[in-house]
Amino acid sequence: MKKISLNIDKALGFVTREQIYAQEAKANESNAMLHNGTGAGNDFLGWLHLPSSITDAELTDIENTANLLRSKCEVVVAVGIGGSYLGTKAVVEALNNSFDWLQTDRKNPVILYAGQNIGEDYLYELSEILKGKQFGIINISKSGTTTEPALAFRILKKQLEEAVGKEEAKHRIVAITDANKGALRTLADQEGYKTFIIPDNVGGRFSVLTPVGLLPIAVAGISIRDLVAGAVVMEKATGTDVPFADNMAAIYAATRNELYQSGKKIEILANFHPKLHYIAEWWKQLYGESEGKDGKGIFPASVDLTTDLHSMGQWIQDGERTIFETVISVETLDRTVIIETDKENLDGLNFLAGKRVDEVNKMAELGTQLAHVDGGVPNLKITLPQVTPYYIGQLFYFFEKACGISGYMLGVNPFDQPGVEAYKKNMFALLDKPGFEKETEAIKARL
Ligand code: PA5
């Protein structure tokens, strides 16, 4: 089986290979710190061996639960925010038909999402669309106390219980949370829901290969065994025994850190396939939360191309030269659309006749890469042989491993997220949450 690959050649006009290889010792040391558990945040390294340590029994339990939901539900709502939903959405969007929800002969339940915002219109419309539909809920929160999913779950739980009765609702609700603590654990135990545990030592943004991602992905009809198998390959390929030159996670970490030191403060993850949009959203959380701290960190941004070449293209080509670009390139697509000859040729496109649409896209990709390099944007390229669970599994683990290495190279703790708390404190104070009286008084005085 092939592997995903990384090509840094088009970044080398901006930083040299020598500069990147000068980071070899630091990158290897950072990788070793992950494996030895000697770095900051070492109580959150459970993700490191998740792919190779997940057992057949655990996968079977997830698959059986997924099958139960699949047999009962036409829609399953995955409730969660941040790391508790982005991995699922990334995989489901990448692998399912783009117009899945409009298909009438569906084999798999539609996965909808809630708790990833506090949008009242969104919740109202979700609740309306669920009326009269057989639905279930996977409620995911590692802490079990996050406001957004808790709020959505309260509303959806009531709706489900009213629709099918409290007893049946219990069989359609699965909770994924901490083994012992948090409001969701208490609620799930009290109601008697089927639960899965998010290990203590796996942070939200590194949890896609736990039941957090695996259960809803399995409900969507996607092979979680292939996903895990792909991740296992990358776990091996990025180990401490792999030489720097062959370790794509270490090379990626070293290159982006070198670019950062040279003034490239923003990394844009670009894809040329709209189905990969949420892979970038997942990646943004991973890198943004892991590295953006202590006044440091590359700002992770993303674009869908060629779509955004007609909106952000000008900025990327010609704006402030503080960016570099990492392109996710796909070798082989699943579908074929051939451009046909048109007798009248009024649109002037007959020069493309006989070609696949993807050939045009690939030339757009190549042309864009060269244009951006000419415009002063260093370019990295990650190639996926195909968009399959197996290669997405590789990609997830590659990005996770590179993120850990990169965070240590940068000198931050990649596994905490103290900054996420600031808005919560203010929100609770503004909402008069009991226990926040002092903060309420202070914040109201500022208004
Ligand atoms: O990376 C993280 O840990 C966080 O951003 C979480 O993913 C997010 O806040 C959701 O948290 P929880 O699963 O505890 O509800």
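Here the sequence shown stands for residues 279 to 725, where the numbers follow this note's numbering.
Note that beta-carbon positions come from the ideal geometry of N, C-alpha and C, so glycine has one too.
Taken from the Cβ of I396, every heavy atom of ligand 1 lies 7 Å or farther away. Rounded to the nearest whole angstrom, the C-alpha separation of L708 and N657 is 44 Å. Under the Cβ criterion (8 Å, minimum of three pairs), the stretch 671-688 counts as touching the stretch 504-513. No residue range can be given for T585, since it is assigned to no alpha helix (DSSP H) and is classified by DSSP as neither H nor E. Residues I721 of the same chain have their beta carbon placed closer than 7 Å to that of N704, with the five preceding and five following residues left out of the count. At a threshold of 7 Å, V520 does not count as near ligand 1, since its beta carbon sits no closer than that to any of the ligand's heavy atoms. The beta-carbon distance between V486 and G365, rounded to whole angstroms, is 3 Å. This is short enough to meet the 8 Å contact definition. Under the three-state reduction of DSSP, G414 is assigned to strand. When secondary structure is reduced to three states using DSSP, R599 falls in the coil class, being assigned neither helix nor strand. With contacts defined as CB atoms closer than 8 Å, K288 and Q595 fail to qualify as a contacting pair. Around the CB of L624, fewer than 16 other CB atoms lie within 10 Å, so the residue is classed as exposed. With a 10 Å radius around the Cβ and a threshold of 16 neighbouring Cβ atoms, Q563 comes out buried. Excluding the 5 residues flanking it on each side, P667 has same chain C-beta neighbours closer than 6 Å at I500, S501, D504, L505, in chain order. One alpha carbon belongs to G517, the other to Y556, and they sit about 27 Å apart. Per the coordinates, the alpha-carbon of E598 lies some 10 Å from the alpha-carbon of G653.
In this structure, R450 places its C-beta atom within 8 Å of the C-beta atom of G414. Under DSSP, F474 forms a beta bridge with I454.
Of the candidates H551, D456, Y402, P329, the residue whose Cα lies closest to the Cα of Q664 is H551. Counting only unbroken stretches of 4 or more residues, the alpha helix (DSSP H) elements lying wholly within the stretch 362-418 are 364-373, 398-408, in sequence order.
In the three-state DSSP reduction, A531 falls in the helix class (H, G or I). With at least 16 other beta carbons inside 10 angstroms of its own, T473 counts as buried. Boundaries of the alpha helix (DSSP H) around N342: 334-350. If you draw a 10 Å sphere on the C-beta of E567, you find 16 or more other C-beta atoms in it, and that means buried. Contact annotation: the stretch 415-422 touches the stretch 353-361, with at least three C-beta pairs closer than 8 Å.
The C-beta of N535 has 16 or more other C-beta atoms within 10 Å across all chains shown, which makes the residue buried. With a threshold of 16 other beta carbon atoms within 10 Å, Y686 meets it and is buried. Pairwise C-beta distances place the stretch 321-340 out of contact with the stretch 448-466, as fewer than three of them are shorter than 8 Å. The criterion of a C-beta distance shorter than 8 Å is satisfied by I544 and I576. Here DSSP, grouped into helix, strand and coil, assigns K543 to coil. Take the alpha-carbon of K448 and the one of K436: they are about 12 Å apart. It is roughly 22 Å from the alpha-carbon of E336 to the alpha-carbon of P387. Here the distance from the Cβ of E567 to the nearest heavy atom of ligand 1 is below 7 Å. Apart from the 5 residues on each side of it in sequence, G541 sits with its Cβ closer than 7 Å to the Cβ of T600 in its chain, given in chain order. In the DSSP assignment, Q664 forms a beta bridge with T610. In the three-state DSSP reduction, N657 falls in the strand class (E or B). Annotation for A466: the continuous alpha helix (DSSP H) segment containing it runs 461-469.
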